[in-house]
Amino acid sequence: MTSAFSKAAQERIPGIIARYAEKRGALLPLLWLAQEEQGYVSEEAMKEIAGWLDLTPPQVYETVTFYTMYNRRPIGKYHIQVCRSLMCALVGTDNLLGWIHAKLGIKTGQTTPDGLFTLSQVECLGSCGTGPMMQINDDYYERLTQDKTNRVLDDVKREGKCPLATGPFMFPEPAQK
Amino acid sequence: MATHELLLLKNMSQPGYSGSLADYERAGGYQALKKVLGKIPPGDITEMVKKSGLRGRGGAGFPTGVKWSFIPKDHPGPRYLICNADESEPGTFKDRQLMERDPHQMIEGMIIAAYAIGVRTSYIYIRGEFVLGARVLERALAEAYQAGYLGKDILGTGFALDLYVHRGAGAYICGEETALLESLEGKRGLPRIKPPFPATHGLFQKPTVVNNVETLANVPHIVNRGAEWFASIGNPPKSSGTRVFCMSGHVKRPGNYEVPMGVTFREIIYDIAGGMRGDKPLKAFIPGGASAAFLMPEHLDVKLDFESVAQAGSMLGSGGITVMEEGTCMVWAAENLLHFFNHESCGKCTPCREGSSWLLQILRRIDHGKGKMEDLATLTRLCGNIAGRTVCAFGDAEIAPITSTLQYFRDEYEAHIREQRCPFRSQPAPELISVGR
Amino acid sequence: MAEMVTILIDGKPIEVEKGTLVIEAARRIGVMIPHFCYHPKLKPDANCRMCLVEVEKMPKLQTSCSTVVAEGMVVRTNTPVVDEAHKSVLEFILANHPLDCPICDQGGRCDLQDFSHRYTPTGSQFTDTKRVYEKGFFSPLIEKEMNRCVSCLRCVRYCDEIMDVKALANAARSTMTEIVHFAGHPLDCEFCGGCVQICPVGAITSRLSMYEFRPWMMKRADTTCGYCGDGCSLILETRGEKVIEVMSSHGNGRNNGDLCAKGFFGYQYVNHEDRLTTPLVRQADGNLHPVTWDEVLPVLAERLTQIKLAHGADAIGGLISARCTNEDLYLFQKFMRLAIGSNHLDSTARYGHVNAARALRRVQGTNRWTVSYEDIVQADALLLIGTQVTAANPIVGLKVKEAVKKHGATLLTLETLVPSIETTSNITNLSALHVAVPPGRHAAAVRGLVKAAFDENLVDAALSSRAGDYVSRIRAAATALPYPEGLDEAALRAVAKAFAGARRGVILIGQDLLQAPGGHESAVNLLDFLLLLGKLTQPGWGLAPLTEENNEQGAVEMGATAEYLPGPADVGDAAARTQIAGAWKDQPPASQGMHLLEMLDAARAGTLKAMLIVGENPVRSLPLSAKAASALEKLDLLVVQELFLTETAKLADVVLPACSYAEKTGTFTNSEGFVQKVRPGLEPVGDSRPDWEILSSLSVMMGYPLEYGDAKEILKEIRAVIPGYRVLGAKPEPAQVAAKSVEQYLTRGFAEDLPARYSAGAAPKANSHRWALAVGQTLFHSGAMSTKAQGLLELQHEGKLIMNPADAQRLGIADGDRVRLTSTSGEATVPVTMLGRIPEGTLFFPESFREALAGLPSMTPDPVTGVPYCKQLRVSVDKVGTGGASSGPPPARIAGGK
Ligand SMILES: Cc1cc2nc3c(=O)[nH]c(=O)nc-3n(C[C@H](O)[C@H](O)[C@H](O)COP(=O)(O)O)c2cc1C
Ligand code: SF4
Ligand code: FES
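Here it is, written out as structure tokens:
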């Protein structure tokens, strides 16, 4: 039968399961693996994972739907997530959304016609001192200005990443001696 | 202002410090572990931590050594230590820095804690969005295994410990320790009813300790320099040690600052974080993350320790301090936070599930100029009906922004209703929504 | 003795066991604390927060559903603060709850409605937008209205904790949590109806009865289910001439309020339009024509009398369904034995249960279980052999699940199914040790178990010294055999060892064992096994055969089989004959009665001239090769009492319309020997009559009046005549192993057939038909009646061959494709579906649709008990077509669901 997991991924699965005293513990990690493989967690993947972990598909499904980070359908190649919570909002979430809109023409919930960018607003991403900020796929971009935002989006569009990504994080940066 | 040497941020403040094992060892890392393993009985470590006065940095401030001592001594079978790296309390971003910049500091703390409570398997539960943090930790764990600090026979003492990174997937509630355990078991992050407590029925129903990143990062320092030394820092006996406070909002220099507990808000806002952006007057501040009640300029001289903040009617919480300048709309601020709480409510218990959306709808109406005076009484009543009646502390958290802004800024709510518009904005606030995937 | 604590609730002291929940303690003194999520069956979840109470010394209100009593605890449930808290939770719930009570089927029995009324809120302050869920199609039988859901999760928890099905999910979070199946797919589960029943509001309701009623319009009859031998108590809710729905109630009956799909959704055959409503008589034109009772009875009595006079009473035989009441069964055999004067009578217990009943009687003296459901729940080891328990005996299945999940019992299974997690439960998933036994191989597995008892040194030392001869001869016979080929020897030995090591253990056996060659011997061999372990006479231990039909146990005890008089007592037992003759004031006939197959042979041979068949359809039940139809056609007179014009009834000269269980008064005896009341919910449909009443009238006309005013009078006689019926009700006398019988078995009885019982049996012959096909019970059907129940047809409307997905893939077969099956006796073409629990190389076909297989099976009678074996066969499989028109959805015909 065809699998939602590549051969290499399938080989990793037993090792992941072995980390937990009860198989179900491996559910979140396996969902991550599925998302790494397909960009989202497909129904097929959920069923397969259920099989691995001795769960029923509904048990997998209810867990998937609880967490916001598992995509249940394919989304844009680059997922822009703008923090909307208070600390960022105090220092310019609105502006940031405006800049992204000006640059890409999309509003929250929309995907660019070329399928590259999907824009979401999300709750606090843990970078409250360095807002406004956004996460694009795995990377954080913080203390954004319009120029910086434009550059990030250009770079990501061209190369998939941008050197302005933050991390390892420290703020304020240690004083240079 | 009392200045003090840095403990937790010390290594990373050194120029060129990369957080690698080599760097950490060069800075004296893993000495504490070597001092302890096979040399000091586990029970004595717990005693030492008790004596140090270390209290949890995750929010509730529970004495760490006491928590460890709740693990049944004679329990057969596995027991677990979990590092709570879920850091999702709005206003908080210290754990991220501690993990990404100096991962071995907390790993060393975890190994010592595991030794103290007899744990052989341990997990770091890190929020899903911290992809970099998870990578840094994985790398650090690989180094630690390589160096013999983790694995079957640690430093030849026969002590064995496996340590895994477990990524969350987007759910604030999973920072609550029993929801975290459910999530780690592969379930929906719904808090458990207590009792039983994790100390006896935790992960997979086995005795479990959950500690925050910063809490654990303190452990090697206590071992290295002694409980008495630690107990003398800050504002002992109830609030000893330093804390990494996260400054956000309308200050000139937001960021993470490690200071001994007991400094005042005035000091941290005006001296350390550089004062108000544009030198506008301070309107209000949140002292300990979104779950903490708002405080006012009149509280500026309150000390940043557990007791003093509690006395002022709020809590030290997670150490996230958010500062708001004059001109910030308090109804909007409360609404924004309620949006967060509504979105993040797990949905398990009625008052929180239904209350959070109801409260949010009312706040939104008021903010958008459609409020009624009766709404204020309804808000108060609903908050009263949530307080203390939910499964977990989330319920109390979600009402804090409303009760405190209603307490200090009732006139502002009334103005919104009277004028049927927001007095601070010419246009209604854009609808800020969060869209799950 | 449980430790007791005393607590004070609203000033009243009450003493309860330690560990009791406050809400339960309060209930005991009549204080009903309002609640939604709490249910005594389920683990506390304390999510609704409705049950808050004040507990002295605790700063916050506590949820009484999760707070355990402690000595000296002071609880208040009626203070203003508590009242306010209850009101506030209601207010929160009502914020989003639609006010659609007028069109909600829960109206009138809704907890939310009741509590709202009790706390008379002055109306909700909520003026904002209500949350609205999109309406979806949940399933053809179950309606979901999520706007009404109070998120108590009782349904999800029931589905997991009690059913072990886990088909319901609590999806999304916060205000938008909802109950779904998998990813928005229609519900696919066991359809036990548990979620419908346990939902405190109208969020989950039955579509079969949608919009048909308000609770107060219905009449309720507490009765016993007519499907399987588990004997569930259920409540027929009727309105006028129609059964509207079936309910059950927690705390009641052997089922404790749980039901299966057949019990919950399978009632509509009662009101089926094809029910027979008048007597029919075959007339000169060769067709059946309606007549009145007054016309038919005298003629029929006369015909029977004529045949008796012309050919002797032994020319008349009778057959009755074990779905009839004890009263019907008792009167049937009395009618046959006295009014007719013939011992040629049988019941459908012949299809398998007599194998077990005879074995039990022979060894332990009683044909009843010496254990009960409580013993199953309390057992620490359970051994299941060929039970298919979830499909065939779902409620016993729940007892097994409870033992394993709640009490940590070790489950040992010798079953055909293999572990596989699907959205229906599978008992082997809970197995600690599972031995996969192909169809027809259970008898061999049992012999292997006995061998293992010796090889693992499990034999009771006391027995060896007391009955040395028995032990050594069984040892010689059992150990001479090799372990059965193809079964896992190590696993078999481990099973024997684990079972022997338990404190209390029950062996459950079912149709896969009893309806297969060697069925009778296996039952005896398992009693050997229990004897050898020294357990047979220990409390809590025993052999428990499960019955397929609801009253097979009753049929045996009423004497409605060829070999038994009421009691049961052997027909040839002189003392018993004297006793019954005393009660009957007449002698039962002395001849050796013929069982079903013998009667058919006699009919074929022309020596049997007439048959009276009550509620059974042998033409369908037996395979074509048994040639039942041609035998019955040879009779001079065939009389059939039936609900429907079955294949057998179509051959009859006289067809008499009978009442269904829903129109009857009487009793059923379940597998474990509990005698339970059957009460009518409906008036007889048309001119139909209870079976006993028909027989009684006939007897009068035949000049041998067996007159009874009502069914209760028959029960009175039964109670006087049959020992197990003296004490009825909730706590009957438990059956006990008779020391005398055991003694006799150990000294002599065992030897009679020793070589036959421990011979390797016919090893499965390797022929060109390499697939093992088993025909058996499914979750949604039992017998033919269920195929007239619209609700069950919605779930399964045709017989599909089930195979393992890997096999299907290998053959290039997709769900719905059609295959041709070929056996040595014929062929059949059927559609296919897949399930992971069917082992590779094995096929399964639902018994209720067996006509699709008609020519395929051959029949082997048991040489000793005459049980016709025809459910296991070997076949070849060829794919013949894709898709297939018959696999589409059934015609939607849901009552009220327009
Ligand atoms: C709603 C809620 C969210 C929480 N989130 C976090 C969190 O993100 N990180 C954390 O360390 N503790 C969090 N906590 C506190 C934990 O429940 C727990 O008290 C803490 O991890 C214990 O560690 P400590 O004793 O070291 O502080 C949260 C508590 C609640 C009620
Ligand atoms: S559907 Fe019924 S049983 Fe299920 S959670 Fe909702 S209210 Fe509870
Ligand atoms: S009944 Fe106690 S919380 Fe629901």
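Residue numbers (the working numbering), protein chains in the order written: chain A, -1 to 175; chain B, 801 to 1237; chain C, 779 to 1676.
All C-beta atoms in this analysis are idealised placements derived from N, C-alpha and C, irrespective of residue type, glycine included.
Given a cut-off of 8 Å on the beta-carbon distance, is the pair residue i and residue j in contact?
i, j, result
"Thr0 of chain A", "Leu25 of chain A", "no"
"Asp1101 of chain B", "Thr1064 of chain B", "yes"
"Arg1139 of chain C", "Asn1145 of chain C", "yes"
"Ser852 of chain B", "Ile1022 of chain B", "yes"
"His1131 of chain C", "Leu1292 of chain C", "yes"
"Gly933 of chain B", "Met899 of chain B", "yes"
"Ala1333 of chain C", "Ala1127 of chain C", "yes"
"Val1178 of chain C", "Leu1160 of chain C", "yes"
"Asn1204 of chain C", "Thr1168 of chain C", "yes"
Give the straight-line distance between the Cα atoms of residue i and residue j, rounded to the nearest whole angstrom.
i, j, result
"Glu157 of chain A", "Asn148 of chain A", "14 Å"
"Asn825 of chain C", "Gly970 of chain B", "22 Å"
"Asp788 of chain C", "Cys1149 of chain B", "26 Å"
"Lys952 of chain B", "Gly958 of chain B", "7 Å"
"Ser929 of chain C", "Ala1214 of chain C", "41 Å"
"Val910 of chain C", "Asn925 of chain C", "6 Å"
"Asp823 of chain C", "Cys815 of chain C", "7 Å"
"Ala1353 of chain C", "Val1499 of chain C", "13 Å"
"Gln1365 of chain C", "Ile1085 of chain C", "21 Å"
"Val794 of chain C", "Glu781 of chain C", "8 Å"
"Ser1300 of chain C", "Arg1535 of chain C", "7 Å"
"Val1235 of chain B", "Ser118 of chain A", "The predicted position of Val1235 of chain B is uncertain, since its pLDDT is 38 and thus under 50; a value taken from the coordinates is nonetheless stated next. The straight-line gap from Cα to Cα measures roughly 6 Å."
"Lys867 of chain B", "Ile917 of chain B", "10 Å"
"Ile973 of chain B", "Glu929 of chain B", "14 Å"
"Pro837 of chain C", "Gly1117 of chain B", "21 Å"
"Thr1083 of chain C", "His1559 of chain C", "40 Å"
"Met44 of chain A", "Arg22 of chain A", "13 Å"
"Ala1117 of chain C", "Gly1264 of chain C", "53 Å"
Measure the beta-carbon distance from residue i to residue j and round it to whole angstroms, keeping in mind my assumption that it falls under 8 Å.
i, j, result
"Lys1412 of chain C", "Ala1381 of chain C", "5 Å"
"Ser952 of chain C", "Asn1185 of chain B", "At roughly 18 Å, the Cβ-Cβ gap does not stay under 8 Å, so Ser952 of chain C and Asn1185 of chain B are not in contact."
"Ser1466 of chain C", "Ala1436 of chain C", "6 Å"
"Arg1136 of chain C", "Thr1643 of chain C", "6 Å"
Can you have a look at residue i and say buried or exposed, based on whether 16 or more other CB atoms are within 10 angstroms of its CB?
i, result
"Ile1233 of chain B", "Bear in mind that the predicted position of Ile1233 of chain B carries a pLDDT of just 47, short of 50, making it unreliable; the figure below should be weighed with that in mind. Looking at its Cβ environment, which holds fewer than 16 other Cβ atoms inside 10 Å, Ile1233 of chain B is exposed."
"Phe862 of chain B", "exposed"
"Ala1673 of chain C", "In this prediction, Ala1673 of chain C has a pLDDT of 36, which is less than 50 and means its spatial position is unreliable; what the coordinates show is noted afterwards. Under this definition Ala1673 of chain C is a buried residue."
"Gln79 of chain A", "buried"
"Arg1225 of chain B", "exposed"
"Arg1218 of chain B", "exposed"
Measuring only between beta-carbons, confirm whether residue i sits less than 8 Å from chain D.
i, result
"Phe115 of chain A", "The question asks about chain D, but that chain is absent: this structure's protein chains are A, B and C."
Validate contact between the segment 1565 to 1583 of chain C and the segment 1610 to 1627 of chain C using beta carbons, cut 8 Å, 3 pairs: Because the criterion of three Cβ pairs below 8 Å is met, the segment 1565 to 1583 of chain C and the segment 1610 to 1627 of chain C touch.
Three or more C-beta pairs below 8 Å linking the segment 1021 to 1031 of chain C and the segment 1189 to 1205 of chain C: With the cut-off at 8 Å, the segment 1021 to 1031 of chain C and the segment 1189 to 1205 of chain C do not touch.
Cβ contact (3+ pairs, closer than 8 Å) linking the segment 1032 to 1044 of chain C and the segment 1169 to 1186 of chain C: Yes, they touch.
The segment 1221 to 1241 of chain C in contact with the segment 71 to 85 of chain A per 3-pair CB rule at 8 Å: Too few Cβ pairs lie closer than 8 Å, so no.
contact_flag[the segment 1598 to 1607 of chain C, the segment 1624 to 1639 of chain C] where n(CB pairs < 8 Å) is 3 or more: The segment 1598 to 1607 of chain C, when compared against the segment 1624 to 1639 of chain C, does touch it at the 8 Å Cβ threshold.
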